[in-house]
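Going down the list, the protein sequences come from chains A and B. The numbers in UniProt numbering rise by one with no breaks, and the one at position 53 of the first sequence is 53. The numbers in UniProt numbering rise by one with no breaks, and the one at position 42 of the second sequence is 42. Cβ coordinates follow ideal geometry from the N, Cα and C atoms, glycine included. Keep in mind the model is a prediction, meaning the values are calculated, not measured.
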Amino acid sequence: MFINWSQGEINLKIVYYGAGMSGKTTNLQFIYARTPQKLRSQLISLKTHQDRTLLFDFLQLEVGQVANLKPKFKLYTVPGQVYYDTSRRLILQGADGVVFVVDSQADRMDDNAELWRSMERHLVELGYDLKTFPIVVQINKRDVPNTLSIPEIRRRLPIKGYPTFEAVAIKGYGVFDTLKASMSGVIAAAHQAV
Amino acid sequence: MFLQGSFNTISVAALIQTLCHERRSVQIEAWRTDANAHICLSEGMIIAAKCEGIEGPDAIYKLMSWSNGLFRVGQLPEHFAPTMAAEPEGLLLEAARQRDELMA
């Protein structure tokens, strides 16, 4: 969280975290395309192996103000390949919330689990309290063959207790439900902090 | 000079991010045993960078590899002529990407 007093804004950072090709970039591209141009910044895109790191920010006027400050959300994706650990840690620095994007395909569960563990490790090392930090889970790619059932995914990943949304991000299903839940969690935490 | 410290206390990335967030117009002088660096920021942008004889974006990537060293932050000289204009986040993320790929 960063308060820009001169602009009357509170900057809040949400990081889309998850395995490579799980759909993080697709989420951000969908959100970016549907955010009014006058409310959003340029989309910054950095190429990494297999996917891209994206970031942009936008003013969110519907969620109300926090201590008379306008919330400005900054959305980031992390590169999902295992070896981009320094990059993920840098991106998580200063995060106010995380959307963890799960790839529903059976053969991706080990990757999902590894990225979940890395997220928890980074958050703890950065001083976050996992009991209170706003994490929202998106179970993506519900439309592709070879997906596991939701109960099976819940059994395989430690996502119990977190707000969870099914999604087909490539078609936009569940994208804004997930984002709104994350923004609500982040705003609630900001109200407590400010 | 209005701020000084060690990269053991605050990382290079965190220092640059914080100063850019606050849209400070400042210069960062950094040094360690056998090397030094000079970064200039203006209104949230990186406008000059030199590290170990390297200039421009590559100087930021080089400085990001420092895990120790000292720094001081002072006022940007008047009429300073920028040699670049880059968003800090893009450069810092690119530096992290290069480091990850080098170590992969």
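Paired residues, beta bridge with residue i - DSSP
| i | result |
| --- | --- |
| residue 73(A) | 12(A) and 58(A) |
| residue 96(A) | In the DSSP output, where bridge partners are listed per residue, residue 96(A) has none listed. |
| residue 118(B) | Coverage of chain B is limited to positions 1 through 104, which leaves residue 118(B) absent and any answer about it impossible. |
| residue 4(A) | 9(A) |
| residue 74(B) | 27(B) |
| residue 58(B) | In DSSP, residue 58(B) forms no bridge with anything. |
| residue 155(A) | Beta-bridge pairing links residue 155(A) to no other residue. |
| residue 32(B) | 35(B) |
Neighbourhood of residue i by C-beta distance below 6 angstroms, restricted to the same chain and skipping five residues each side
| i | result |
| --- | --- |
| residue 91(B) | 57 and 60 |
| residue 17(A) | 78, 98, 100 and 119 |
| residue 41(A) | 56 and 57 |
| residue 63(B) | 12, 37 and 51 |
| residue 115(A) | 18 and 19 |
| residue 44(A) | 55 |
Nonlocal neighbours in the same chain, by C-beta distance under 8 angstroms from residue i, ignoring five residues either side
| i | result |
| --- | --- |
| residue 38(B) | 27, 28, 29, 30, 48, 49, 50 and 51 |
| residue 147(A) | 104, 105, 106 and 141 |
| residue 136(A) | 97, 98, 99, 100, 162, 163, 164, 165, 178, 181, 182 and 185 |
| residue 70(B) | 4, 5, 6, 7, 30, 31 and 32 |
Limits of the unbroken alpha helix (DSSP H) element including residue i
| i | result |
| --- | --- |
| residue 118(A) | 109–125 |
| residue 182(A) | 175–193 |
| residue 83(A) | Note, residue 83(A): premise wrong, no alpha helix (DSSP H); not H, not E. |
Extent of the continuous beta strand (DSSP E) run through residue i
| i | result |
| --- | --- |
| residue 144(A) | Where residue 144(A) is concerned, there is no enclosing beta strand (DSSP E), given that its DSSP letter is neither H nor E. |
| residue 49(A) | Counting along the chain, residue 49(A) falls outside any beta strand (DSSP E), and DSSP gives it neither H nor E. |
| residue 165(A) | 164–166 |
| residue 4(B) | 3–6 |
Residue i burial status per 10 Å Cβ neighbour count (16 or more: buried)
| i | result |
| --- | --- |
| residue 56(A) | buried |
| residue 53(B) | exposed |
| residue 65(B) | exposed |
| residue 144(A) | exposed |
| residue 130(A) | exposed |
| residue 66(A) | buried |
| residue 39(A) | exposed |
Sequence-distant residues of the same chain with beta carbon closer than 7 angstroms to residue i, five excluded per side
| i | result |
| --- | --- |
| residue 30(A) | 169, 172 and 175 |
For the stretch 33–51 of chain A, enumerate the residues whose C-beta is nearer than 8 angstroms to any C-beta of chain B, in chain order. Only those residues of the stretch 33–51 of chain A whose C-beta falls short of 8 angstroms from the nearest C-beta of chain B are listed: 44, 46, 48 and 49.
In the stretch 81–99 of chain A, which residues sit with their C-beta less than 9 angstroms from some C-beta in chain B, listed in chain order? Across the stretch 81–99 of chain A, CB contacts with chain B closer than 9 angstroms involve 81, 82, 83, 84, 85, 86, 87, 88, 89, 90, 91, 93 and 94, in sequence order along the chain.
Against chain B, which members of the stretch 53–73 of chain A pass a CB distance test of less than 7 angstroms? 53 and 55
Using a Cβ-Cβ cutoff of 8 angstroms, what residues of the stretch 87–103 of chain B are near chain A? List them in chain order. 87, 89, 90, 92, 93, 94, 96, 97, 99, 100, 101 and 103
Chain A contacts made by the stretch 4–19 of chain B, where a contact means CB separation under 8 angstroms: 13, 14 and 17
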